[in-house]
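> Residue numbers (my numbering): 270 to 749.
Here a beta-carbon is modelled for each residue, glycine too, at the ideal position from N, C-alpha and C.
No experiment lies behind these values; they were computed from the predicted model shown.
I'd like to ask you about the structure that follows.
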């Protein structure tokens with residue numbers, strides 16, 4: 270292409286040869302248009318090439334950075350020992366594995382925090398196995414339980430013995446309570462009258478319980494639910510207690526006031542925009558205690574005759590139990606999941622607690638490749654992109670939790686895996702890993718459960734001490 274200087278020289282020569290001024294002007298205009306048009310088009314093309322090249326480089330760099338690395342590995346010492354213990358014991362089915370040493374350490378943290386005049390109440394839903402509950406009751410030195418299911422309540426009445434105190438974590442329809450009493454042996458019916466504080470959330474339910482007590486010539490202990498911020502039911506303001514406390518006062522032979530329950534399960538979920546999460550949680554917890562105290566003060570001032578003796582002012586939960594002390598209105602603190610530390614309980618209030626419950630699933634099959642139907646043509650591309658898809662494993666069961674603790678680099682297949690707890694009767698679950706994954710048929714994959722009640726899906730809870738099985742416990746026979 271001509272340079273500007275060459276163009277001007279050529280144009281001057283043309284002007285010399287052509288004497289007609291009109292032709293000379295047209296010639297100059299056309300040549301300039303051609304020249305500068307070519308220069309403009311060339312710059313546009315050049316810019317487009319540079320931009321396209323930049324995008325290509327960016328894509329290549331991003332792909333290189335985002336391309337998964339090989340995460341495959343083995344068990345680590347802890348799960349190597351657990352895997353060997355289960356295999357040595359002839360375990361070949363999915364099991365819940367409970368580390369008793371870790372459980373003991375977690376119990377010790379709770380009992381050091383909940384000291385008199387506070388009293389510790391074990392949440393049964395999070396630890397749904399009778400022998401496990403009996404072990405914790407003895408280790409923690411408490412006979413206070415919080416059941417959520419009537420079938421579990423009746424079973425623990427049989428096992429726990431006299432002196433057990435049960436405060437259900439939810440109210441029950443009076444028809445269910447009547448069926449509960451009818452199903453109990455005669456000697457346990459009397460025991461239940463002393464052991465159970467029935468949770469009441471409304472005047473209407475309280476009246477139904479009064480009528481039931483009158484029909485059966487019973488005296489029922491009743492604990493009133495108060496709303497301290499969760500907004501899940503119960504009295505929303507102290508003044509709403511008046512009709513319930515009036516009804517209890519008017520029926521002394523049928524109803525006995527036993528306290529309040531104000532669950533604070535919302536506290537650790539408080540949103541925050543300024544400051545730290547810990548600061549926001551502590552501020553919300555302080556508000557809960559102010560609300561709780563207002564209910565207690567109202568009752569003591571307006572109904573002093575009811576507020577005597579050994580009352581249970583219940584609160585707490587695994588994520589807040591450590592925040593309570595003797596200066597607060599609550600004297601009965603519930604907790605359960607913190608003893609086994611499922612994966613959804615990661616909060617500063619549980620510092621020091623360690624996971625103690627694991628779900629162990631044996632490997633049924635081991636195959637090369639990604640193993641997903643209908644995309645066979647892309648298997649080589651998938652394998653090139655992600656080395657962690659080189660092997661396919663099938664484990665017995667599945668659908669429990671998407672958190673695999675061991676061995677390293679094994680993951681649930683995203684295209685075929687059921688969301689946690691969606692499949693209540695799982696058959697076999699598909700996992701993937703790289704060639705470096707040290708896993709064979711008969712080995713176990715260890716999952717971290719989302720909740721402690723996951724052990725209800727297993728035939729046995731294996732209690733391990735120092736890596737060895739020392740007991741085999743059955744969960745509750747009924748889920749409801």
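Can at least three beta-carbon pairs, one atom from the stretch 518-535 and one from the stretch 549-569, be found at a separation below 8 Å?
Verdict: yes, contact present.
> Got a sec? Which residues, its chain only, sit under 6 Å from residue 635 by beta carbon, not counting five neighbours each side?
Excluding residues within five positions, the ones whose Cβ falls inside 6 Å are 662, 710.
> Pick out the complete beta strand (DSSP E) segments inside the stretch 564-648, 3 residues or longer, and give them in chain order.
For the stretch 564-648, whole beta strand (DSSP E) runs of length 3 or above, ordered along the chain, are 581-585, 601-604, 626-637.
> Measure the alpha-carbon distance for residue 463 versus residue 434 and round it to whole angstroms.
Cα-Cα distance, rounded: 8 Å.
> Name the residue from 629, 504, 506 whose alpha carbon lies nearest to the alpha carbon of residue 727.
It is 629 whose Cα lies nearest to the Cα of residue 727.
> Classify residue 559 as helix, strand or coil using the three-state DSSP reduction.
Residue state, collapsed to three classes: helix.
> What separation, rounded to the nearest whole angstrom, lies between the Cα atoms of residue 381 and residue 589?
Computed Cα separation, rounded: 14 Å.
> Starting from residue 405, follow the alpha helix (DSSP H) in both directions and report where the run begins and ends.
Counting along the chain, the alpha helix (DSSP H) containing residue 405 begins and ends at 399-409.
> According to DSSP, is residue 720 part of a helix, a strand, or is it coil?
Reduced to three states, the DSSP call for residue 720 is coil.
> Are residue 514 and residue 572 close, meaning C-beta to C-beta below 7 Å?
Contact: yes.
> Compute the beta-carbon to beta-carbon distance between residue 389 and residue 602, rounded to the nearest angstrom, for a pair I have assumed lies under 8 Å.
Going by Cβ atoms, the distance from residue 389 to residue 602 rounds to 6 Å, so yes, they are a contact pair.
> Can you tell me which of the three DSSP states residue 336 falls into?
Correct three-state label for residue 336: coil.
> Between the C-alpha atoms of residue 342 and residue 679, what's the straight-line distance to the nearest angstrom?
About 9 Å.
> Could you tell me if residue 484 is buried or exposed, where buried requires 16 or more neighbouring beta carbons within 10 angstroms of its beta carbon?
The residue is exposed, with fewer than 16 neighbouring Cβ atoms inside 10 Å.
> Could you check whether the stretch 540-557 touches the stretch 500-510, counting it as contact only if at least three pairs of C-beta atoms, one from each stretch, sit closer than 8 Å?
With a cut-off of 8 Å, the stretch 500-510 and the stretch 540-557 do not count as touching, because too few Cβ pairs lie within range.
> Rounded to the nearest angstrom, what separates residue 480 and residue 525 at their Cα positions?
Straight-line Cα distance between these residues: approximately 14 Å.
> Entirely within the stretch 662-712 and at least 3 residues each: give me those beta strand (DSSP E) ranges in chain order.
Listed in chain order, they are 673-675, 697-702.
> What ranges does the beta strand (DSSP E) occupy inside the stretch 406-459, keeping only unbroken runs of at least 3 residues that lie completely in it?
Runs found: 413-415.
> Tell me, which residues are paired with residue 714 by DSSP?
630.
> For residue 730, which three-state DSSP category applies?
Residue 730 falls in the strand class under three-state DSSP.
> Buried or exposed: where does residue 645 fall if 16 or more other Cβ atoms within 10 Å of its Cβ makes it buried?
It is exposed - the Cβ of residue 645 has fewer than 16 other Cβ atoms within 10 Å.
> Mapping DSSP to helix, strand and coil, what is residue 389?
DSSP places residue 389 in strand when its eight states are reduced to three.
> Among 458, 507, 512, 474, which has the Cα closest to the Cα of residue 486?
Closest option to residue 486, Cα to Cα, is 458.
> How far does the beta strand (DSSP E) with residue 740 in it reach, from first residue to last?
Taken as a continuous stretch (DSSP letters only), the beta strand (DSSP E) holding residue 740 covers 737-742.
> Return the bridge partner residues of residue 526 from the DSSP annotation.
BP columns for residue 526 point to 491.
> Do you know how far the Cα of residue 620 is from the Cα of residue 697?
One C-alpha to the other measures close to 35 Å.
> Identify which residue in 393, 490, 517 has its Cα closest to the Cα of residue 472.
Per the Cα distances, 517.
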